[in-house]
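Engineer: Structure in structure tokens, see below.
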Amino acid sequence: MEESAQVKVNSGAAEQLPGRLLSRGFFEVSPEEVAPRLLGKVLAHAVDGEVLAGRIVEVEAYLGPHHQPPDPAAHSYRGATPRNQVLFGPAGHAYVYSIYGRYFCMNISCEVEGRAGCVLLRALEPVAGVEQMARNRGLPPYGRRPVPSPQRVKITRWGPRVRGDPGLAAGAVARELTSGPSRLCQAMGLTRAAHNGCDLVDPASLLQVRDDGYSVGEVLVTPRIGIHEAIDWPLRFAQRGNECVSGARNQRE
DNA sequence: AGGCCGATCCTCT
DNA sequence: GAGGATCGGCCTA
28 MEESAQVKVN SGAAEQLPGR LLSRGFFEVS PEEVAPRLLG KVLAHAVDGE VLAGRIVEVE
88 AYLGPHHQPP DPAAHSYRGA TPRNQVLFGP AGHAYVYSIY GRYFCMNISC EVEGRAGCVL
148 LRALEPVAGV EQMARNRGLP PYGRRPVPSP QRVKITRWGP RVRGDPGLAA GAVARELTSG
208 PSRLCQAMGL TRAAHNGCDL VDPASLLQVR DDGYSVGEVL VTPRIGIHEA IDWPLRFAQR
268 GNECVSGARN QRE
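End of the first sequence = 280 in this note's numbering, gap-free, step of one.
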């Protein structure tokens with residue numbers, strides 16, 4: 028076992044989290060099944076006495092090497108390595124890896140222990156801790172970046188807020204906070220060092236996936252983004268029409 | 001020991 | 001729409 032971040036709740040932070048924790052069994056099946064069911068669930072991170080949370084609106088499934096045919100785009104394709112070993116462990120754990128030297132992406136492990144497979148989180152709709160997310164992303168009014176203005180759509184529709192959450196920071200836009208696999212990690216404050224291996228269905232965990240009863244409407248199914256193998260497999264799932272889904276061009280069927 | 005490259009993001013044209 | 005940043009991990013020799 029290499030590093031396995033087990034950050035535990037030491038305050039009453041977990042009690043503030045919306046909804047209920049998912050069960051391990053939810054994740055102990057094929058990523059193809061888990062991915063669409065994950066839409067609408069809430070990723071919640073208790074950090075520095077505050078809760079950052081976002082509703083999952085876009086995901087991709089990556090299949091384990093036991094699958095026929097095997098998925099050449101998956102990190103688990105060539106078997107377990109120090110980097111990807113979380114994928115071969117028990118379901119419901121965070122697999123956080125670094126990419127391009129500067130970013131992180133977060134997946135959730137699926138299948139029973141011994142079998143790999145995961146769901147990549149590609150976009151969230153901010154639900155709580157939005158001002159801190161803006162700071163984490165270096166966006167106005169906290170950052171210095173001048174505000175250019177490609178199509179900025181203010182989010183007007185919010186999910187349940189955590190008590191005391193001030194809402195979206197003026198100048199920042201929900202899309203820019205969590206619309207993209209690395210953007211959402213940055214906004215949520217997720218890193219490989221701190222969160223790889225974190226158990227997302229442990230009530231004592233600082234990082235959890237929860238169900239607050241929200242149900243997504245129509246689900247958009249498309250090929251996965253940014254890969255070079257198995258480019259036409261329909262394993263990307265998104266909430267149709269949600270402004271926080273990444274890339275306007277990616278909204279097509 | 002060295003080379004290659006990525007499940008990305010941002011900026012500029 | 002294209003290219004650069006930037007580095008850990010994995011593969012080959």
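By construction, the Cβ of each residue, glycine as well, lies at the ideal position given by its N, Cα and C atoms.
Which term fits Gly141, buried or exposed, when burial requires 16 or more other beta carbons within 10 angstroms of its beta carbon?
Structural biologist: With fewer than 16 other Cβ atoms within 10 Å, it is exposed.
Engineer: Nearest-angstrom Cα distance between Glu152 and Ser273?
Structural biologist: The straight-line gap from Cα to Cα measures roughly 11 Å.
Engineer: Do Glu59 and Gly91 count as a contact pair if the criterion is CB distance below 7 Å?
Structural biologist: Not in contact: Gly91 and Glu59 (Cβ atoms no closer than 7 Å).
Engineer: Please give me, in chain order, every unbroken run of the beta strand (DSSP E) with length at least 3 that falls completely inside the region 44-127.
Structural biologist: Taking only runs of at least 3 residues, the beta strand (DSSP E) segments lying wholly in the region 44-127 are 69-74, 77-90 and 121-126.
Engineer: Spell out the partners DSSP gives Ile135 in its beta bridges.
Structural biologist: Bridge partners of Ile135: Ala121 and Val146.
Engineer: Measure the beta-carbon distance from Glu87 to Arg149 and round it to whole angstroms, keeping in mind my assumption that it falls under 8 Å.
Structural biologist: With 8 Å as the limit, Glu87 and Arg149 qualify as a contact, their Cβ atoms being about 6 Å apart.
Engineer: Note down the Cα distance separating Gln266 from Leu247, rounded to an integer number of angstroms.
Structural biologist: Cα to Cα, Gln266 sits roughly 6 Å from Leu247.
Engineer: What is the rounded straight-line gap between the Cα of Leu147 and the Cα of Leu227?
Structural biologist: Going by the C-alpha atoms only, they are around 14 Å apart.
Engineer: Does the distance from the CB of Leu217 to the CB of Met160 come in under 7 Å?
Structural biologist: Their beta carbons are not under 7 Å apart, which means Leu217 does not touch Met160 by this criterion.
Engineer: Straight-line CA distance for Pro45 to Leu70?
Structural biologist: Computed Cα separation, rounded: 10 Å.
Engineer: Determine the DSSP secondary structure at Ala221, reduced to helix, strand or coil.
Structural biologist: DSSP places Ala221 in helix when its eight states are reduced to three.
Engineer: How big is the Cα-Cα spacing for Arg190 and His94?
Structural biologist: Summary for Arg190: the model assigns pLDDT 45, below 50, so the residue's position carries little reliability, and this model does not support an answer.
Engineer: What's the C-alpha gap between Ile83 and Asp238?
Structural biologist: If I take the Cα positions, the gap works out to 11 Å.
Engineer: Specify the secondary structure class of Ser242 as computed by DSSP and reduced to three states.
Structural biologist: Three-state result, Ser242: coil.
Engineer: Using CA atoms only, rank isn't needed, just tell me which of Pro63, Phe115, Gly81 and Asp75 is closest to Val236.
Structural biologist: Nearest of Pro63, Phe115, Gly81 and Asp75 to Val236, Cα basis: Gly81.
Engineer: Pick out whichever of Ser136, Ala199, Phe54 and Ala155 has its Cα sitting closest to the Cα of Arg164.
Structural biologist: For the residues Ser136, Ala199, Phe54 and Ala155, the minimum Cα distance to Arg164 belongs to Ala199.
Engineer: Taking 7 Å as the limit between beta carbons, can you name the residues of its chain near Val113, skipping five residues before and five after?
Structural biologist: His120, Tyr122, Ser136, Asn223 and Gly224, listed in sequence order.
Engineer: Measuring alpha carbon to alpha carbon, tell me which of Leu166, Leu262, Glu77 and His102 ends up nearest Pro63.
Structural biologist: Pro63 has its Cα closest to that of Leu262, out of Leu166, Leu262, Glu77 and His102.
Engineer: With a threshold of 16 other CB atoms inside 10 Å of the CB of Ala101, please say whether the residue is buried or exposed.
Structural biologist: Buried, since its Cβ has 16 or more Cβ neighbours within 10 Å.
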